[in-house]
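Here's the structure, in structure tokens; my notes come after.
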Amino acid sequence: MTLRFITPLAIIALLAGCSIPTAPVAVSMGDHSAGSSTAAIIPTGKQVSVGVLYSATTDTNRAYLRHYQANAGTGFGQSLLVQSIHDAYVATSNPDLAVDRVTTSLQRYFGAVTVYPDMPSLKAAKPDVMVVVDARSQLMTSRSSDIESTVSTLFYDHHFNYIATATGHAAKTLPPIWAGNKRSEEMVTEITEQQQVQLMALHRFEQSLHEVLAPSKATSEPLSLRLP
């Protein structure tokens, strides 16, 4: 059987059995919740250290994106996908895109920004500010072209009392990618849209981060005035 005899409906049915995964649902932050800080602002500057922890949702979603990359177009679908379509799936599902961008954004406002593997390590390090990164992306599959991305940072003082949240969200619904007689170039363009959604969420996150931290930059608090 050659590709020219396969109808769009047949392609959808075949790809439905492929292993491009669906994003897991968001999971609870568990013990990461805490009380509220009395601090009105978050201290910023090169003298302020930041400890970063990825939420359970972030870890789960990064695993989903790694699986998405590894399995895009595998199985029978691999023989149906031209290389440019397969490459587009892989290129637009970078599992480190959100967390790397968040780290870079935080480095603009703080000094040392260190990612810790777990809560005990973070608390033992006693950074001036603690940040929990919560990131989730839903990418397209053979069954759905609904794309969504959310990136948030929750700020806590050194006693792990909550201060503020910066967040960015974007979503887009495209026509089913396998519907109709689309050329491979058109399909690649549509797949690329899912990276644009992720980048838009990150752009909105950075705007929110600036709004949260800009008052702190204006005050130029010295390090001696640690959060209460």
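Throughout the sequence shown, residue numbering follows mature numbering (1 follows the signal peptide of the UniProt record, and there is no 0), covering -25 to -1, 1 to 203 in sequence. Positions of the beta carbon are idealized from the N, C-alpha and C atoms, including for glycine.
Through-space distance from LYS147 to PHE85, alpha-carbon basis
Taking the first residue of the sequence shown as position 1, residue 85 is located at position 110. Taking the first residue of the sequence shown as position 1, residue 147 is located at position 172. When rounded, the distance between both Cα atoms is 33 Å.
Going by alpha carbons, who is nearest to ALA73 out of VAL187, GLU186, ASN46, VAL172?
Taking the first residue of the sequence shown as 1, we reach residue 73 at position 98. A check of alpha carbon separations from ALA73 across VAL187, GLU186, ASN46, VAL172 identifies VAL172 as the nearest.
Given 8 Å, three or more beta-carbon pairs between the stretch 95 to 115 and the stretch 29 to 46:
The stretch 95 to 115 vs the stretch 29 to 46: in contact.
So what does DSSP say about SER78, is it helix, strand or coil?
The sequence position of residue 78 within the sequence shown is 103, counting from 1. The residue asked about is misnamed: residue 78 is Thr in this sequence, not Ser. Per DSSP, reduced to three states, the secondary structure at THR78 is helical.
From THR142, THR35, SER119, pick the residue whose C-alpha is nearest to that of MET175; which is it?
If you number the sequence shown from 1, residue 175 lands on position 200. When each option's Cα is compared against that of MET175, the closest is THR142.
How big is the Cα-Cα spacing for HIS7 and ALA45?
Within the sequence shown, residue 7 is the residue found at index 32, counting from 1. Within the sequence shown, residue 45 is the residue found at index 70, counting from 1. A caution first: HIS7 carries a pLDDT of 43, below 50, which makes its placement in the model unreliable, though a value can still be read off. HIS7 and ALA45: Cα-Cα distance of roughly 31 Å.
Going by the beta-carbon positions, is the gap between VAL163 and ILE60 smaller than 9 Å?
Your numbering for residue 163 matches position 188 in the sequence shown. Your numbering for residue 60 matches position 85 in the sequence shown. Their beta carbons are under 9 Å apart, which means VAL163 touches ILE60 by this criterion.
With DSSP run on the structure shown, which of helix, strand or coil describes THR128?
Position 153 of the sequence shown holds residue 128. Per DSSP, reduced to three states, the secondary structure at THR128 is strand.
Assuming GLN44 is part of the alpha helix (DSSP H), what are its boundary residues?
If you number the sequence shown from 1, residue 44 lands on position 69. Taken as a continuous stretch (DSSP letters only), the alpha helix (DSSP H) holding GLN44 covers 31 to 46.
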